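A.B. asks: Handing you this structure, nothing more for now.
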Amino acid sequence: MMDRVVLRYYDGRVEKGYLVSFSETGSDVEIKEYKTERSIKAHLDELKAIFFVRSFEGNPGYREKKRYDRKGITAKKVFIRFKDKETLLGYVEGMLPWDKGFFLTKQHDRGKGFFVYPVDEESNNIKVFIVASSVEDVTVI
């Protein structure tokens, strides 16, 4: 089964569909729109983030927890501020994609962004691929 994803663009557009192709080091993502099944290709430079979701509808009445309280998590706690001032709390596993802070030194050539896992286990988001060019600041908590 293909991953369900939501593409969030810089300009506010949102596209929902099934992931066809994506690479952290590539420049494009392709999805099959979930209602019409039409193919949609987007350049990562146009995107803010790719949300890997449990369902396309989510639960509009659910209020996500905004605390770092997941048990058994050894990942780094991060606070992300996007250039449009939206913020996101999450966990980053493995090596951080930068040295000594997000903009103090150049980003490693590991890809166009990095994955963040939500602080709330009940979130509709399974994980989020953050496009590095959309980030203003990342703070490790």
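Numbering (the working numbering), first residue to last: 725 to 865. The beta carbon of each residue, even a glycine, is placed where N, CA and C say it ideally should be. Note that the structure is predicted; figures quoted are calculated from it, not measured.
Assess, as a yes-or-no matter, whether the segment 771-781 is touched by the segment 853-865 under the definition of 3 or more beta carbon pairs within less than 8 Å.
C.D. replies: yes
A.B. asks: May I ask which residues mark the beginning and end of the beta strand (DSSP E) holding residue 861?
C.D. replies: First-last of the beta strand (DSSP E) with residue 861: 859-864.
A.B. asks: Can you list, in chain order, the residues of its chain whose CB lies under 8 Å from that of residue 744, leaving out five sequence neighbours each side?
C.D. replies: 726, 754, 755, 756 and 763
A.B. asks: CA-CA distance, residue 804 and residue 791?
C.D. replies: 14 Å
A.B. asks: Taking only the alpha-carbon atoms, compute the straight-line gap between residue 734 and residue 798 and give it to the nearest angstrom.
C.D. replies: In this structure, the CA atom of residue 734 is about 31 Å from the CA atom of residue 798.
A.B. asks: At 3 residues or longer, and completely inside the segment 728-762: list those beta strand (DSSP E) runs for me, N to C.
C.D. replies: 728-733, 738-746 and 752-757
A.B. asks: Is residue 843 near residue 813, with beta carbons less than 8 Å apart?
C.D. replies: For residue 843 and residue 813, yes; Cβs fall inside 8 Å.
A.B. asks: With distances taken from CA atoms, which of 730, 732 and 847 is nearest residue 786?
C.D. replies: 847
A.B. asks: Which of helix, strand or coil does DSSP assign to residue 799?
C.D. replies: coil
A.B. asks: Can you tell which of 788, 836 and 862 has the C-alpha that lies nearest to the C-alpha of residue 747?
C.D. replies: 836
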